[in-house]
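Enquirer:
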Amino acid sequence: MNKKILLASDCFSENRNATLIAKQLQKIANYKPENFLAASLVSEGREYGDIPVITDATLPPSGGFATQSIGGFFADLFSGSLGIPFNFVKKIKNIADEIGLALVVGDVFLLWLVNRALKNKNIPILFYVHSKTDYIEPHYRIEERIIKNIASDVFTRDELTAESMRNKEIPAQFLGSVIMDELFPEEFEIPLDKSLQTVGILPGTRGEALDNFILILKVVEKLSEKRKLNFPAAMVGSLSDDKISEKCSKYGWKFIKSEHCNYIEKNSARVLIVRRAFVNTVISSDILIGLTGAANEQAVGLGKPVLAFKGIGAQTTTKRFKEQERLLGGAMKFLKNDPDAVAEYALKLLDNPEERERMGKIGMERMGPPGGAERIAKYIYEKYLKNQ
0 MNKKILLASD CFSENRNATL IAKQLQKIAN YKPENFLAAS LVSEGREYGD IPVITDATLP
60 PSGGFATQSI GGFFADLFSG SLGIPFNFVK KIKNIADEIG LALVVGDVFL LWLVNRALKN
120 KNIPILFYVH SKTDYIEPHY RIEERIIKNI ASDVFTRDEL TAESMRNKEI PAQFLGSVIM
180 DELFPEEFEI PLDKSLQTVG ILPGTRGEAL DNFILILKVV EKLSEKRKLN FPAAMVGSLS
240 DDKISEKCSK YGWKFIKSEH CNYIEKNSAR VLIVRRAFVN TVISSDILIG LTGAANEQAV
300 GLGKPVLAFK GIGAQTTTKR FKEQERLLGG AMKFLKNDPD AVAEYALKLL DNPEERERMG
360 KIGMERMGPP GGAERIAKYI YEKYLKNQ
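Quick note: the sequence shown uses numbering that gives the first Met the number 0, first residue 0, plus one each step.
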């Protein structure tokens with residue numbers, strides 16, 4: 000293969016999805032990481048691993064959601080982050096002659112940017128629709144027009160959206176949700192008391208994750224006053240032990256180092272700090288409290304009910320969680336940001352195994368089985384790469 004494949008993505012979860020598809024292409028076509036070039040709009044692109052990343056953006060103050068709030072827009076404006084799209088287009092233009100195929104994973108704005116960068120190059124641009132689904136909100140007419148004019152093929156995250164697009168003569172199909180691929184447990188056993196029920200904690204991966212962790216800890220305190228439970232928290236590497244200790248100590252929590260798993264403690268509550276074992280945290284939990292985006296969807300896809308409430312940051316607004324609740328069809332419950340109310344609902348759910356099972360089944364049905372990346376990669380290879 001003489002030309003390279005451009006992988007363009009918005010941010011963290013989109014980077015991961017693009018990487019999973021690229022990994023499957025490497026298996027199918029015996030490609031190497033250097034057969035790809037990656038461009039992440041608002042992140043450093045660390046999820047791409049060995050694949051060369053041509054962009055050097057960092058997450059803006061809005062978390063990549065400048066249009067979601069006035070505050071986010073002005074925070075990005077004053078930080079200079081609104082220049083990110085222009086730099087993104089420039090970086091791709093600089094390597095456009097090396098590209099033979101582009102895969103865009105994200106939203107219509109990203110698709111438009113990539114098209115601007117590759118204009119007049121006659122390069123097929125494929126679009127994996129990560130950010131929108133007809134379960135929440137169909138694409139606007141102008142978005143559909145852009146997709147139809149730019150994308151050679153479109154891959155959606157559900158059949159409902161694919162069917163809607165096909166009815167408008169957009170070449171769309173649902174080959175599986177990449178978000179559920181490669182969710183394997185690590186060879187690590189979380190030190191839980193097996194006689195107790197378990198409430199998992201998902202504070203997210205973005206800059207506001209530590210603030211949202213504090214909000215969840217308020218619920219943990221209320222739960223611990225009424226029942227003894229396990230509380231494993233899936234924490235990303237960017238939240239160091241020092242950061243967690245410093246932040247939590249302000250709220251009366253003590254950070255304790257342990258050979259098997261560090262934890263924080265306050266009165267009768269103990270929260271385990273689990274590293275690099277997201278799936279272990281999910282599958283070991285009876286229910287989870289999640290103030291995150293993709294991780295909530297992955298958790299319900301693994302068959303676990305998730306509770307959410309309004310947090311801090313653009314990922315955890317009332318609007319976004321209500322949209323996610325509709326997307327997940329009852330596998331996730333959005334509640335008022337009231338620690339007592341959330342704790343009360345959690346206890347009722349813990350006491351109702353039939354309801355937990357019902358919610359779990361809905362989640363698995365909505366998110367679908369793994370294998371989406373492989374099916375998309377096979378389609379791309381057969382149609383666009385096999386005879387090159």
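Glycine included, C-beta positions come from ideal geometry on N, C-alpha and C.
1. If we require 4 or more residues per run, which alpha helix (DSSP H) segments fall completely within the region 3-39?
2. Leaving out the 5 sequence neighbours to the left and right, which residues in its chain are closer than 6 Å to I311 when beta-carbon positions are compared?
3. If contacts are defined as beta-carbon pairs under 8 Å, then K303 and I286 qualify, I think. What distance do you get, rounded to the angstrom?
4. Quick check: what's the CA-CA separation for Q314 versus S257?
5. For the alpha helix (DSSP H) holding A208, just list the boundary residues, first then last.
6. Would DSSP call V278 helix, strand or coil?
7. Alpha carbon to alpha carbon, how far is I263 from K253? Give it in angstroms, no decimals.
8. Whose CA, out of E220, I215 and I272, lies closest to the CA of E188?
9. Between the Cα of K31 and those of L334, L195, N1 and R274, spot the shortest distance and give me the residue it belongs to.
10. Using 10 angstroms around the beta-carbon of S8, count the other beta-carbons present and answer buried if the total reaches 16, otherwise exposed.
11. Closest to Y134 by C-alpha separation, out of R355, Q323, N386 and R269, would be which residue?
12. Is the Cβ-Cβ distance between I361 and A330 less than 8 Å?
13. Whole angstroms is fine: what's the gap from I53's alpha carbon to V270's?
14. Between the C-alpha atoms of C260 and S39, what's the straight-line distance to the nearest angstrom?
15. Exposed or buried, E353, counting other C-beta atoms within 10 Å across all chains shown (16 or more means buried)?
16. For F187, which three-state DSSP category applies?
17. Measuring only the C-alpha atoms, how far is S434 from Q172?
Expert: Looking at the atomic coordinates:
1. 11-28
2. E207, D210 and N211
3. 7 Å
4. 32 Å
5. A208 to K225
6. helix
7. 5 Å
8. I272
9. N1
10. buried
11. Q323
12. yes
13. 39 Å
14. 33 Å
15. exposed
16. coil
17. There is simply no residue 434 to check, as the chain begins at 0 and stops at 387 in what is shown.
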